[in-house]
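Structure first, commentary second.
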Amino acid sequence: MKILTMKLIPSRKTGNPVGAVINDVFVGTNPHILADGIASQVVEKWGDYIQKIEELEPHLTPYCGQSLHGKKLLIWRSGGYGDILFLTPLIRRLKTIYPTSSIRFATQPKYRMVFDGNPDVEKHYPMPMPLSAVKEADFHLYFEGTIEKAKDPTVNAVDLLSSHAGVEIPDENKLPIYNPSSARVKVNRQKIIDDNGLIGDSPWVAIQVRASSPVRTYPVHLLSKVINKLCKSGMVVLVLGMKGDFPKDCRRRGVIDLCGAFIDMTDTVAVLASCKLLVAPDSSLTHFAAAMSIPCVALYGPFPGSARTSYYPLCNTLEAKADCAPCMLHGHFACPEALKRRQLWSPCFDSIQPRTIIEAVRNILT
3 MKILTMKLIP SRKTGNPVGA VINDVFVGTN PHILADGIAS QVVEKWGDYI
53 QKIEELEPHL TPYCGQSLHG KKLLIWRSGG YGDILFLTPL IRRLKTIYPT
103 SSIRFATQPK YRMVFDGNPD VEKHYPMPMP LSAVKEADFH LYFEGTIEKA
153 KDPTVNAVDL LSSHAGVEIP DENKLPIYNP SSARVKVNRQ KIIDDNGLIG
203 DSPWVAIQVR ASSPVRTYPV HLLSKVINKL CKSGMVVLVL GMKGDFPKDC
253 RRRGVIDLCG AFIDMTDTVA VLASCKLLVA PDSSLTHFAA AMSIPCVALY
303 GPFPGSARTS YYPLCNTLEA KADCAPCMLH GHFACPEALK RRQLWSPCFD
353 SIQPRTIIEA VRNILT
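Below, the structure written as structure tokens:
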């Protein structure tokens, strides 16, 4: 990782000095820490305004099992939601062993909500992170690339991260930790009832349309069949996703389009908290559901369930069967096999048929 010190940049419109804004964080004349890839982009775009570039490592005191009694530990991971949730059992374990420690966490601003209501983290920093945050801490732990570089499909992400830190966690303490605001849950639930004229006590089933990567996203044409069948069975189906994600052939009474309804992930998770069950691809909502003890039917293709959901007792993980799966393919790109076939979804998902998902949902609800 790199430490960048920048001069103030004159605005093209006004001529007034402004700083670079990276991940919604203002980076001005104070030294800030950036991942190597982002640092390269900043150098390319604002190179004329950079005063100094240096390596971060000389400023670090890596945590290697030292006593944290009365000490400050700084942990960082840029994102995403699920990857940070995987770190919450490790943080809880460290805080349990060293109750007088001060644990700080740095991440991109939008992922900060993972620690809402979490007493284990005393202080938060945005990323890019000021160098002063590093200097304040006694020890440092960072997890950039730890998950992405993993190749063993049998190792769960929680174990991968705790092994990197050199900390053992009992299996019964490996669930992610998240505490939604009860007031926010109540308000969002009532709004959905009022906006859609819902009457009665039909179970609410949440369905997430897609993962952050197309390679991990269950095909929409098959998911539409699941949505319509569950609705016909008398369930209220809440469809969660980004604006434009809602399947067009699912517009019927009892199917509620919440795609793009929330800017803040906190609201999405608050809605999930009112549901009896979640159907989702390999995505962050699967892990939020586990943290809130909500049953889930998880749809896994490129990654095996053992790498993500093996410690979730209420999760029924349906895994794709194909010669090329699991491929452990990371990144925001389409599956190479899909490109060969000129289709949008990973072919391995064809092995998980809608009837299998519907049967799993019914088994859980009954």
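Using our numbering, you'd call the opening residue of the sequence shown number 3 and step up by one each time. Beta carbons are placed, not taken as given, at the ideal position from N, Cα and C, and that holds for glycine.
Cβ atoms of residue j and residue i: under 8 Å apart, would you say?
i	j	result
W206	S276	yes
L133	H61	yes
K97	D118	no
L92	A167	yes
N181	N120	yes
L75	I105	yes
Y113	G147	no
A336	P216	yes
E57	K137	no
Excluding sequence positions up to five away, which residues of its chain have a Cβ less than 8 Å from the Cβ of residue i?
i	result
L274	A208, L242, L280, L287, F290, A291, M294 and I296
A362	V299, N318 and L320
E124	S104, I105 and R106
C261	V211, V241, L242, G243, M244, K245, G246, D247 and F248
Tell me which same chain residues have a C-beta within less than 6 Å of the C-beta of residue i, skipping the five on either side of it?
i	result
D251	S226
V222	P249
Y220	P283, L301 and F351
N198	I258
For residue i, which residues in the same chain have their Cβ closer than 7 Å to its Cβ, ignoring the five residues on either side in sequence?
i	result
P328	P155, P304, F305 and P306
E321	Y302, P306 and G307
M369	There is no way to answer for residue 369, as the model of the chain reaches only from 3 to 368.
Since residue i and residue j are thought to touch, with beta carbons under 8 Å apart, how far apart are those beta carbons, to the nearest angstrom?
i	j	result
V238	I258	7 Å
P130	V23	That belief does not hold up - the Cβ atoms of P130 and V23 are roughly 10 Å apart, past 8 Å.
L143	I77	5 Å
Could you please give the first and the last residue of the uninterrupted beta strand (DSSP E) stretch that includes residue i?
i	result
Y144	F141 to Y144
D259	V257 to D259
L6	K4 to M8
L242	V238 to L242
Where does residue i fall in DSSP's three states?
i	result
Y302	strand
N158	coil
S104	strand
Y314	coil
A37	coil
K250	helix
P128	strand
A208	strand
K47	helix
P283	strand
L58	coil
P297	coil
If you follow the alpha helix (DSSP H) that residue i is in, where does it begin and where does it stop?
i	result
P172	Neither: P172 is in no alpha helix (DSSP H) and is coded neither H nor E.
V123	Neither: V123 is in no alpha helix (DSSP H) and is coded neither H nor E.
I394	As shown, the chain starts at 3 and ends at 368. That puts residue 394 outside it, with no answer to give.
P178	Here P178 belongs to no alpha helix (DSSP H), and DSSP marks it neither H nor E.
E150	Here E150 belongs to no alpha helix (DSSP H), and DSSP marks it neither H nor E.
Chain C beta carbons: is any one of them nearer than 8 Å to that of residue i?
i	result
K97	The structure shown contains no chain C; it is built from a single protein chain.
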